[in-house]
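Since the structure comes first, as structure tokens, the remarks are kept for the end.
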Amino acid sequence: MSDGLFLQCCREAAEKFPEVQFDEMYLDTVCLHMVQDPKKYDVLVMPNLYGDILSDLCAGLIGGLGVTPSGNIGENGAAIFESVHGTAPDIAGQDKANPTALLLSACMMLKHMGLGTYGSKIEKAAFEAIKNKETRTADLGGKATCSQFTDAVCRYVD
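What follows is the structure, given as structure tokens:
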């Protein structure tokens, strides 16, 4: 029932904005196309469950949930930025977590706040740390701890 209401609202909105391309697709078709050619999409609008499924699929395409940032931007600039993954209680306090997702989410926040220069600088440093096998965390095939990765990012920022 909620899918039908969501779709009805989307159709009504599409009628009000004919200059915006609107296509309806089943989630399995979107997932297939996302894997085959992700450039095909600019903006996707869907209910929360489908968005969660698709975001996990996309996270897998780029290295996993540990590197996937997230931002939700609402009306009047209200926004929240967070990593996509959960709290990883199984490794809490062990210095094993990959902080990239949270760090990149903070970079998105800085850009949203008009501090893009700082966000870009930190983002570039994080990518440099990921390129270096010695400073990659275990989920990316490395052996570095969370602290070692973070220290590397700090060195690349300087």
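Counting with my numbering, you get residues 196 to 353 for the letters of the sequence shown.
C-beta: ideal position from N, C-alpha, C; glycine also.
Please state whether DSSP places glycine 336 in a helix, a strand or coil.
coil
Is methionine 304 near phenylalanine 344, with beta carbons less than 7 Å apart?
no
Per DSSP, which residues does isoleucine 278 bridge with? Please list them.
Checking the displayed sequence, the identity of residue 278 turns out to be serine instead of isoleucine. Answer by DSSP bridge pairing, in chain order: Pro264.
Using the rule of at least 16 other Cβ atoms within 10 Å of the residue's Cβ for burial, across every protein chain shown, is threonine 295 buried or exposed?
buried
Kindly indicate the opening and closing residues of the alpha helix (DSSP H) around threonine 345.
Bounds of the alpha helix (DSSP H) holding threonine 345 are 341-352.
Let me check understanding here. Comparing Cα to Cα, which of Arg331, Lys234, Ala339, Glu210 lies closest to glycine 258?
Arg331
In this structure, does DSSP put phenylalanine 212 in helix, strand or coil?
coil
Spatial neighbours of asparagine 327 within its chain, please: C-beta separation below 7 Å, excluding the five flanking residues on both sides.
The answer, listed in chain order, is Ala347.
Can you tell me whether asparagine 361 is helix, strand or coil according to DSSP?
Absent from the structure is residue 361, since the part of the chain shown begins at 196 and ends at 353.
Excluding the 5 residues flanking glycine 255 on each side, which residues of the same chain have their C-beta closer than 8 Å to its C-beta?
Answer for glycine 255: no residue qualifies.
What's the call for proline 242, buried or exposed, on a 16-neighbour Cβ count within 10 Å?
exposed
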